[in-house]
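The working numbering runs 6 ahead of the 1-based position in the sequence shown.
Note that CB positions come from ideal geometry on N, CA and C, so glycine has one too.
Accompanying notes for the structure given below.
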Amino acid sequence: MFQMFAPWALMLGVLIGADRAGGADDVLAGKGLRADGTMYVLRSEDDVKKASDAAEARLKEYRRAANWEKMSTRDEASRKSMAAELTKQRAAMKKELDRTVPQINAQARNLTQQQNALRQQMNGLRYGTSGIAAMAYNQLVDQHNELTDQIDALHMQSNRMVDSYRAMGEQIDWLDPSPESAAAKTAAKPPTASADQKRQAYIEALAALRKVVDETKQGYEALAEDDEVEAALKTRNTRTTKLKYVLGPTKKFLNTVQALEQAEAKSTTDAILDEPMPTATSKRKSRTVRGR
Numbered sequence: 007m008f009q010m011f012a013p014w015a016l017m018l019g020v021l022i023g024a025d026r027a028g029g030a031d032d033v034l035a036g037k038g039l040r041a042d043g044t045m046y047v048l049r050s051e052d053d054v055k056k057a058s059d060a061a062e063a064r065l066k067e068y069r070r071a072a073n074w075e076k077m078s079t080r081d082e083a084s085r086k087s088m089a090a091e092l093t094k095q096r097a098a099m100k101k102e103l104d105r106t107v108p109q110i111n112a113q114a115r116n117l118t119q120q121q122n123a124l125r126q127q128m129n130g131l132r133y134g135t136s137g138i139a140a141m142a143y144n145q146l147v148d149q150h151n152e153l154t155d156q157i158d159a160l161h162m163q164s165n166r167m168v169d170s171y172r173a174m175g176e177q178i179d180w181l182d183p184s185p186e187s188a189a190a191k192t193a194a195k196p197p198t199a200s201a202d203q204k205r206q207a208y209i210e211a212l213a214a215l216r217k218v219v220d221e222t223k224q225g226y227e228a229l230a231e232d233d234e235v236e237a238a239l240k241t242r243n244t245r246t247t248k249l250k251y252v253l254g255p256t257k258k259f260l261n262t263v264q265a266l267e268q269a270e271a272k273s274t275t276d277a278i279l280d281e282p283m284p285t286a287t288s289k290r291k292s293r294t295v296r297g298r
């Protein structure tokens, strides 16, 4: 008799477990959280990204306006002389790019190959149910994510070098434009707003970003003390011995906070137009596998 009803009991247990997990998802969603791999993050992180992109756009507009005003005050001979000097610097930069970028790309490819090897090992442990298998899987996830961080840092380094090279070319074109260049065609058209106005718009964008960042940080602080969130995460974690669901924030959010602090420190100084420094890698890891 027991053997006949045991499958039904097992089915009932599965249904109850699924119902509890669904209830946990509802609780977390009600707290403004969404799943991001095995991390639950506030939806307001999306607003942080939008505000960060807007601030970056305002900074680019300010840089263009400031450069235009600086160049418009120079006489033609001075502009040509400065353009010639920058052209020499850009040629040297091109040689450095030709040497460095292939090296960076080779390093990134090597790290990607290491990631592929880790993925194969992870696939072999994917269906393991023992605690040892779970620990081994999580260690591989951490190694995979560390490689992702290194690859991202390499790409950021390469992109910054290329961006600086292109920006110098644009500056040269403004100083001594060729007849058919975009700079020549718009030379008589000043920016729609002064550099001071563009600077103010950028500072206001930073303030808007700070507001949503602080709201998100406060949200995470409150959720970390929320018993319902703790219970819901515990319920989600009872369904697997391999991956553990955790509360955010994401590393991208932490990096945005750090970049914002650097930008705010520059906003009242002449360094406001300097290129931002790369953000440091956070030590906080989720168990989410981030692919390339």
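Beta-bridge annotation (DSSP): Met-45 is paired with Asp-42 and Val-252.
Looking from the CA of Ala-214, the closest CA among Glu-62, Leu-39 and Lys-37 belongs to Glu-62. Taking C-alpha positions only, Tyr-251 is separated from Ala-207 by approximately 40 angstroms. Ranked by how close their Cα comes to the Cα of Thr-44, the residues Pro-255, Thr-262, Ala-265 and Asn-261 have Pro-255 in first place. The C-beta distance from Leu-153 to Gln-121 rounds to 5 angstroms, short enough to meet the 8 angstroms contact threshold. A contact between stretches requires three or more CB pairs, one per stretch, nearer than 8 angstroms, and the segment 97-114 fails this requirement with the segment 222-239. One alpha carbon belongs to Ala-237, the other to Arg-245, and they sit about 13 angstroms apart. Proximity to Asn-111 across Leu-65, Gln-156, Ala-89 and Lys-272 peaks at Gln-156, based on C-alpha coordinates.
Taking the Cα of Val-147 as reference, the smallest distance to any Cα among Leu-160, Asp-158, Leu-131 and His-161 is reached at Leu-131. In the three-state reduction of the DSSP assignment, Ser-184 falls in the coil class. Sequence-distant Cβ neighbours of Tyr-46 in its own chain, meaning closer than 6 angstroms and more than five residues away, are Leu-34, Leu-39 and Leu-253. The Cβ neighbour count for Ala-57, taken over all protein chains shown within 10 Å, is at least 16; the residue is labelled buried. Per the C-alpha coordinates, the member of Asp-53, Lys-94, Arg-80 and Tyr-143 positioned closest to Met-174 is Lys-94. Per DSSP, Ser-273 lies in no alpha helix (DSSP H) and is assigned neither H nor E. With respect to the C-alpha of Thr-79, the residue from Asp-158, Met-167 and Leu-181 having the closest C-alpha is Leu-181.
For Arg-80, no alpha helix (DSSP H) encloses it, and the DSSP letter there is neither H nor E. Shown here, Asp-233 sits in a helix according to DSSP, grouped into three states. Scanning Arg-49, Val-54, Asp-32 and Asn-144 for the CA closest to the CA of Gln-264 turns up Val-54. Under the three-state reduction of DSSP, Ala-199 is assigned to coil, being neither helix nor strand. Taking the Cα positions, Arg-64 is about 16 angstroms away from Thr-274. The beta carbons of Leu-279 and Ala-72 sit closer together than 8 angstroms. Asp-52 and Glu-176 have their alpha carbons spaced roughly 32 angstroms apart.
If the five residues before and after Met-99 are omitted, its C-beta is found closer than 6 angstroms to the C-beta atoms of Tyr-171, all from its own chain and listed in chain order.
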